[in-house]
Amino acid sequence: MAIKKQLIALYTLVRRELVRMFRIASQVFLPPVITTTLYFLIFGSLIGPRIGNIDGVSYPMFIAPGLIMMSVIVNSYGNVSSSLYSVRFQKSIDEMLVSPMHHGLLLLGYVLGGVFRGLIVAFLVFLVASFFLTIELSHLPMTLLVVLLVSAIFSLAGFTNAMVARNFDDIMLIPTFVLTPLTYLGGVFYSITMLPEPWQKISWFNPILYMVNALRNAMIGQSEVSISLAIGIIFLMLVSLTILNMILLKKGIGLRE
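Using our numbering, the letters of the sequence shown correspond one by one to residues 25 to 281.
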């Protein structure tokens with residue numbers, strides 16, 4: 025297939041993902057807004073004043089980047105995992121498999137859909153946070169870069185989950201038993217220096233900790249980890265998941281069953 029036709033195929037796939045997303049916009053964008061509002065009301069307004077400052081910033085300001093990151097992770101992951109598994113379940117993915125569309129473009133199309141959703145949700149959650157706080161971004165380009173990369177990572181993770189899932193219940197296993205615990209233990213609501221040993225050392229093996237701190241550094245200039253290390257880990261995960269998904273696509277795992 026010529027390059028022009030490949031790009032048309034990619035555009036069509038991305039457009040379909042965006043149309044699907046906005047068709048259920050109230051289900052996609054309203055929940056993170058409501059959830060974030062409740063977090064700020066409970067943790068920011070009620071509990072925050074009792075906790076005081078953490079690392080020199082107010083508690084609501086401290087948790088704001090983490091809440092944005094939580095929403096980005098859940099939404100970018102859920103967008104791709106549910107969409108890809110749906111077309112697998114309906115067998116409509118067969119049309120793409122028999123076409124000369126490159127596997128890399130198939131992966132890219134779904135990832136771009138997840139990234140778009142992650143970026144939109146991040147913006148909406150930021151607006152909610154701005155209602156409760158006065159946020160002056162420390163580094164806007166870095167903020168956008170981190171959100172973009174993390175959205176891509178969990179879009180790729182959602183793609184992997186959808187490829188190997190055998191039923192709809194499998195789609196919920198990873199968010200419930202992996203993503204949620206790692207997110208809550210990733211320094212969203214607390215500084216890891218507050219943890220006793222050995223939990224403090226164990227936390228360093230949590231990749232979401234580095235993502236949260238990378239965004240916190242970009243937004244408010246505070247971080248418990250080296251920003252270069254955090255970005256390095258983010259890029260490593262991005263490359264690793266891309267390679268893994270390309271291998272799964274090449275072998276046809278979950279697609280030709």
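Beta carbons: idealized from backbone N, C-alpha and C, even for Gly. Quantities reported herein were computed from a predicted structural model and do not represent experimental measurements.
Residue j beta carbon less than 7 Å from that of residue i
i    : j    : result
V171 : V96  : yes
A26  : S105 : no
V236 : G90  : yes
Y109 : A181 : no
E221 : G137 : no
A33  : M93  : no
Q224 : I232 : no
V152 : T61  : yes
M45  : V52  : yes
I66  : F213 : no
Contact test: residue i Cβ vs the ligand ADP heavy atom, cutoff 6 Å
i    : result
V236 : As presented, the structure is devoid of all ligands, the ligand ADP included, so that no description of it is given.
Identity of the residues DSSP links to residue i by a beta bridge
i   : result
V81 : I78
Sequence-distant residues of the same chain with beta carbon closer than 6 Å to residue i, five excluded per side
i    : result
M166 : A242
7 Å Cβ shell around residue i - same chain, five flanking residues per side excluded
i    : result
N230 : L206, L209, G210
P84  : F64, G68, G72, F156, L157
M120 : L130
Residues near residue i in its chain [Cβ-Cβ closer than 8 Å; skip 5 each side]
i    : result
L272 : T184, M187, V188, G278
L234 : First, the amino acid is wrong: residue 234 is Tyr here, not Leu. Same-chain partners within the cutoff: V249, L253, A254, I257, I258.
S247 : N237, A238, R240, N241, A254
Could you tell me whether the region 135-145 touches the region 47-63, where touching means 3 or more Cβ pairs closer than 8 Å? yes
Below 8 Å, how does it come out for the region 133-143 and the region 158-177: are there three or more Cβ pairs, yes or no? yes
Does the pairing of the region 182-199 with the region 75-93 give three or more beta-carbon distances under 8 Å? no
Runs of alpha helix (DSSP H) wholly within the region 121-203 (minimum 4 residues, chain order): 127-156, 164-188, 192-198
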